[in-house]
Amino acid sequence: MLDERIAAELVGGYIRELAASGQRKDGRAFDEIREIKIRPGTFTKAEGEAWVSLGATQVLVGVKADVGTPFPDTPDKGVLISNVELLPLASPTFEPGPPDENAIEMARVVDRALRGSNAIDMEALAIKSGELVYMIFLDMYALDHDGNIIDAFALGSLVALSRTKIPVVEVTEEGEMVVKEETFDLPLRDLPITFTFIKIGDALMLDPTLEEELVSDAAITISIDSSGRVCSIQKRHGSFRVDEIKRAVSIARSKYPEVEKILREQGGLV
Amino acid sequence: MPLIVEKKPEVLITEDGIRTDGRGPLDLRPIKIQVGVLSRADGSAYLEWGGNRVLAAVYGPREVHPKHMALPDRALLRCRYNMAPFSTPERKRPGPDRRSVELSKVIREALLPSIFLERYPGTAIDVFVEILRSDAGTRVAGVTAASLALADAGIEMRGLVTAVAVGRVEDWVVVDPNHDEDQWGDADIPVAFLMEEKEITLLQLDGPMTQEQFDRALELASQAADLIYEVQKEALRRPYEAVRLEILRRGE
Amino acid sequence: MKPERNEPKILVANRDLVLPGQALAVGPIRPGDYVYVDKKGVLRSTKVGLADIREGEIRVVPLAGSYIPREGDLVVGTVSKVAGNTILVNINSAYPGVIIPPRGLRGRARAKYNLSPGDLVLAKVKAFDGVSSPLLSIEGEGLGKLVGGRVYMINPTRVPRVIGKRQSMLMLLKSKLGPEIIVGQNGVIWYNPKSLKHALLMEQVLAKIERESHVSGLSDRVLRLIESSGILDSQGSEAGEV
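Residue numbers (the numbering used here), protein chains in the order written: chain A, 1 to 270; chain B, 1001 to 1252; chain C, 2001 to 2242.
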């Protein structure tokens, strides 16, 4: 029910005060992530799916597999197409229509984290070199916006991709495409986890709520892979000092094991 | 290129009226509803009906943008029906197509008579129906969920709107067609009723029906709506009952 | 011949949870708030709420719904835009409020209207035609810019419970949690807590009221919550002591 403008205006003042004295409105530490919940059940007709909540933020991610022709410069690789829909039901400020710059940025950032870490074995998704490959559609749906949708998307994507079972497709000698009954697991060989930080004054905070996002001076999204390497970065609004960025990277790397554990336990990732 | 090719079942309905999912001609698929599932929307409802997964949300009454679209004597009711790309076996391209534009209108017309629009002049009431998983009967599922989302938002209404589809498979009139019957059946009639009075606010027909079959279909729809109405009401009551029970258990 | 039925038939009990469209009564009884009369003369609820049956009238106390301004209401809002002589105020309603400073003001009286976007204000709804922006007034004792403190947004339908019968709940909160509490009819509550502990307790109390308002005995439960927190009340004695 909270209109975003009134949220920023009403709570902005004391969120800043709290931040200056090392506190957050919901009592979290600056490097504490909200509760991650992966909802059990089947909600789509995707080949892999996840309904994830990060605090009160909720997203639904579906992975669908299709076949098509590869890009001419990568004849032996499957194709990953990432798409974000900021559904109008998720927030009073989201309007119906094609993805705007925020939606597109989010999709590309999640996509880049996957590519940067080589998480998906794209070569294993080729069926016939230069002619037929798997197309993997990663559709990320925002359902409820209470801040940091992008990290929720990234978590949902990892769970959905890890659950994705693709029907085996073969090409006969005569050049006919045959879809078999059996499926194989989408080859996911890394888990790039995304960490978004905001800055309020000099305070650097991880996993902002909507209210914190609205009053923030700057934001940055950092992805870490399973070996602790930085595999993608996107500075969003505002500006950071070099030492702040280094600190953010360091915090992200230190939080990785905790989030990975949650994904494995709740998401059933192998 | 679809990776899943559907085949028409050999038998859609047996001589004894047993359908492909084991139901009898009058049986409804299982329905589960939860209201208040979203924190930002003013009202919301999540519905599972057979294999359907539907999320309905309401924002309103709220300011109209652009201002010139506001009506001086009543609220402007807007409705958007949308299918998720992962809701169907073959991925659906995001964005409205002609079918979803028509369904948006039909759902809006189904809900409109139930709302006291004149109590909110100059404002907008926005209804969103998202089909997360499609399994025949998405529009009736959408109307049923949307009506609850309106109640959850505290919009003044004459009553809840309950919807159900009835189909024809060969000589059988069947309640709540499943996917096979929707694809390969002979007729489909989605109906919505403004409850208690049982006024019909949505009615479409697709496929030939004799007068007798049609009359029977409406009669069966009305009876099925009564059952679904109970599920809707229970969903609205449940959160309040749960708090009441919790307080009792705490011994307060 | 049947005798004339001059008594209304009441179909629900007082404080029953009722749903939109639910039949409440038939016959000679007045339909109050959130009750309509259908074509057959049956009184029905328009909302999810609690039935409230009084002498000669039946109404529904709503449990859901957004704020619709009423003349005389006190509201807490934020200035969203200042354009010339018009100050637009977000009062968390589909009808944004408007403050128009009276002409010919000088000095301190005029200074009151030097508001900027983001400022919190306490205002009174002076006029509302039901269609366009309600006119708000900040003339009057205590009205105008609110400095400091924090804000809690509650479902506007719960405001009567936060205030209580004859202000009983509000007085309880003021005595235990600090006197600076202002409850806007639009569901926006401004308060200036003495400490972080007081602030957190206030949030817990308001959340409890919001959640449990439909179950009787709320005042006792709220009192118990405050007492069990061990917080010192405004007079400096342990809450619960006489």
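For every residue, glycine included, the Cβ atom is placed at its ideal position computed from N, Cα and C.
These numbers come from a predicted model, not from an experiment.
Using a Cβ-Cβ cut-off of 8 angstroms, Arg2158(C) does not count as an interface residue toward chain A, since no Cβ of chain A sits closer than that to its own. CA-to-CA, the gap between Ile2068(C) and Phe2128(C) works out to about 10 angstroms. Excluding its 5 nearest sequence neighbours in each direction, Gly2049(C) has C-beta neighbours in its own chain below 7 angstroms: Val2018, Tyr2034, Val2060, Val2061, Pro2062 and Leu2063, listed in chain order. When secondary structure is reduced to three states using DSSP, Lys2047(C) falls in the coil class, being assigned neither helix nor strand.
Gly1060(B) is the residue among Pro1094(B), Leu1148(B), Val1143(B) and Gly1060(B) whose C-alpha sits nearest the C-alpha of Ser91(A). When the beta-carbon positions are compared, Ile224(A) and Ala203(A) stay at least 8 angstroms from each other. The stretch 1068-1087 of chain B makes contact with the stretch 1111-1121 of chain B: 3 or more CB pairs, one atom from each, lie closer than 8 angstroms. With fewer than 16 other Cβ atoms inside 10 Å of its own Cβ, Leu2105(C) counts as exposed.
Within the stretch 129-170 of chain A, complete beta strand (DSSP E) segments of at least 3 residues are found at 132-144, given in chain order. By the neighbour-count criterion, in which 16 or more other beta carbons inside 10 Å mark a residue as buried, Ser227(A) falls on the exposed side. Under the 8 angstroms criterion on CB atoms, Pro1066(B) is classed as non-interfacial with respect to chain A. Contact annotation: the stretch 2163-2173 of chain C does not touch the stretch 2120-2136 of chain C, with fewer than three C-beta pairs closer than 8 angstroms.
Proximity of the stretch 1045-1061 of chain B to the stretch 1125-1132 of chain B meets the contact definition, three or more beta-carbon pairs being nearer than 8 angstroms.
Between Ala1192(B) and Val1161(B), the CB-CB gap stays under 8 angstroms.
Sequence-distant partners of Trp1049(B) (beyond 5 residues in either direction) whose C-beta falls short of 7 angstroms from its own C-beta, in its chain, are Arg1029, Ile1031, Gly1137 and Ala1141.
Fully enclosed beta strand (DSSP E) runs of no fewer than 3 residues occupy 2035-2037, 2042-2045, 2049-2054 and 2057-2062 of the stretch 2029-2080 of chain C, in order along the chain. When only Cα atoms are considered, Ile1018(B) and Pro1208(B) end up about 22 angstroms apart. Close to Glu1130(B), with beta-carbon spacing below 7 angstroms, are these residues of chain A in chain order: Leu87 and Leu89.
Rounded to whole angstroms, the separation of the alpha carbons of Leu2206(C) and Pro2156(C) is 12 angstroms.
Beta-bridge annotation (DSSP): Glu2210(C) is not paired with any residue. Annotated three-state conformation of Ala2123(C) is strand, per DSSP. Inside the stretch 192-233 of chain A, DSSP marks whole beta strand (DSSP E) runs of 3 or more residues at positions 193-200, 203-206 and 218-224, from first to last along the chain. The contact set of His237(A) on chain B, defined by CB atoms closer than 9 angstroms, is empty, because the minimum CB distance reaches about 21 angstroms.
A straight-line Cα-Cα distance of about 29 angstroms links Leu1112(B) and Glu2071(C). Here Gly78(A) is near Ala126(A), since their CB atoms are less than 8 angstroms apart. The residues Ala2023, Leu2024 and Ala2025, in chain order, have a CB closer than 7 angstroms to that of Leu2011(C) in the same chain once the five nearest residues on each side in sequence are set aside.
Along the stretch 2121-2144 of chain C, the positions whose C-beta sits under 7 angstroms from a C-beta of chain B are Gly2130, Val2131 and Ser2132, read in chain order.
The Cβ atoms of Lys235(A) and Asp217(A) lie no closer than 8 angstroms to each other. Apart from sequence neighbours up to five positions away, the residues of its chain that approach Ile2138(C) with a beta-carbon distance below 7 angstroms are Ile2099, Lys2112, Val2121, Ala2123 and Gly2144, ordered along the chain. Beta-bridge analysis with DSSP links Ile2010(C) to Ala2025(C).
Comparing alpha-carbon positions, the option among Thr2086(C), Ile2058(C) and Ala2094(C) lying closest to Lys1067(B) turns out to be Ala2094(C). For Val179(A), the neighbours in chain B by C-beta distance under 8 angstroms run, in chain order, Leu1003, Ile1004 and Val1005.
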